[in-house]
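Data block below; observations after.
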Amino acid sequence: MKVICVAGYKKTGKTTLVTRLVKALSEKGSVGTVKLMFHHRFNPADTDTGKHFDAGAQGVVAITENELVTIKRNPNLEEALNSLADMGMDFAVVEGAKSSRLPKIVLGGAGGDENISNVVARLPERADWDINELVNLVLKQDEWVTLGSLIMKVKSNPDIRFSGGIATFTGIVRQVTGDAHTTALEFEKYADVAESAMERICTEMKQREGIIDVVMYHRAGLIKAGGDIVYIVVMAGHRQELFVTLVDSLERLKEEVPIWKKEFTIDGDFWVHDKTQE
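Per UniProt numbering, the very first residue in the sequence shown carries number 1; after that it's consecutive.
Below you can see the structure in the form of structure tokens.
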């Protein structure tokens, strides 16, 4: 899923730009949006969903004739984007979130704010923007990947009719290893080389008898203890070849994909020079 953020001060045309982007991107795939509403409440206290929520429900799902709305406690932007990716969205447009690390199209005076990071375009407010140029900019952004989005991708394979099962692997940051306590891991990779290596592994694994599809993804950057590092999804006709291929795919990823790991512990930090991704 490609993600772009539209940021700016009030009355700069953020919503207008978002709606134009959504319309244009919808011609290329499915689009989801995120609207930051810190000074509003989506389910007022006098509504039934509001009463459920105020009574202590951790989550409330409202169903209308045309909508399904999920209301949860402890909201955050990452979880919102994860939910859109899990739905199988191809694009996500975020309105607001000036302080996030997301790639941003910044409108008007906010473009001069040094505290706004990862700016990919600066535009005048309420102007005749070149939407086609902005769509091409969105298409160049990195993918936002979740395990759910990879499963959705595999399930969209027309050969799923030959499948008897899907198996997944999720590697996470292990916090305790013997006497060592890890607080985070940082991964660096040669983006193009690493992606090409993973694509090659998936292509070769799909040549095996009974294997219908294989996809994998490895995150980069700083990941805190318990956070997801790597996903592998395998779809096969039968369980016998399914689990063997899942394990073999993981081992090949560890051995063949150029990714370096820095470990942060309570006793200090260091680079791990072998290519271990667990």
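Here a beta-carbon is modelled for each residue, glycine too, at the ideal position from N, C-alpha and C.
Work out the CA separation of residue j and residue i for me, nearest whole Å.
i    : j    : result
K28  : T265 : 44 Å
V18  : S30  : 15 Å
A225 : E186 : 11 Å
K140 : V93  : 14 Å
N132 : I105 : 14 Å
A110 : Y9   : 6 Å
K11  : N76  : 24 Å
T177 : E263 : 12 Å
P258 : Q175 : 23 Å
T16  : R73  : 29 Å
E195 : I160 : 24 Å
T47  : F162 : 47 Å
G32  : S83  : 10 Å
L150 : R41  : 33 Å
D192 : I71  : 39 Å
D128 : D142 : 27 Å
K123 : D130 : Rather than Lys, the amino acid found at residue 123 in this sequence is Leu. One C-alpha to the other measures close to 10 Å.
D267 : I232 : 32 Å
L107 : K23  : 19 Å
D269 : E256 : 25 Å
D113 : G88  : 34 Å
P158 : E79  : 29 Å
K275 : D179 : At K275 the pLDDT is 39, less than 50, meaning the model places this residue with poor confidence and gives no usable figure here.
Find out if the Cβ-Cβ distance for the pair residue i, residue j is shorter than 8 Å.
i    : j    : result
R208 : E241 : yes
V214 : V234 : yes
D90  : M1   : yes
I212 : G237 : yes
L253 : M198 : yes
D86  : T146 : yes
E95  : G13  : no
L134 : L21  : yes
Within the same chain, show all residues whose beta-carbon is closer than 6 Å to that of residue i, passing over the 5 residues directly before and after it, in chain order.
i    : result
G227 : V173
D248 : none
K189 : A220 and I259
A62  : T49 and V69
H52  : V60
Could you tell me how far apart the beta carbons of residue i and residue j are, in whole angstroms, since I believe they sit closer than 8 Å?
i    : j    : result
W144 : L81  : 6 Å
G165 : R239 : 6 Å
V138 : L25  : 7 Å
If I measure Cβ to Cβ from residue i and keep anything under 7 Å in the same chain, skipping five residues before and after, which residues do I get?
i    : result
A167 : V234, L242, F243 and L246
G210 : A236, G237, H238 and E241
P44  : G50
H181 : Q175, T265 and I266
T203 : none
Using C-beta distances below 8 Å, list every residue in its chain close to residue i, excluding the 5 sequence neighbours before and after it, in chain order.
i    : result
V272 : W260, K261, K262 and E263
N136 : none
On the three-pair Cβ rule with 8 Å, is the segment 108–124 touching the segment 54–66?
-> no
Would you check if the segment 24–42 and the segment 152–168 touch, i.e. whether three or more CB-CB distances between them fall below 8 Å?
-> no
Do the segment 2–13 and the segment 84–103 make contact, defined as three or more Cβ pairs closer than 8 Å?
-> yes
Stretch pair the segment 164–178 + the segment 53–63: three plus CB contacts closer than 8 Å = no
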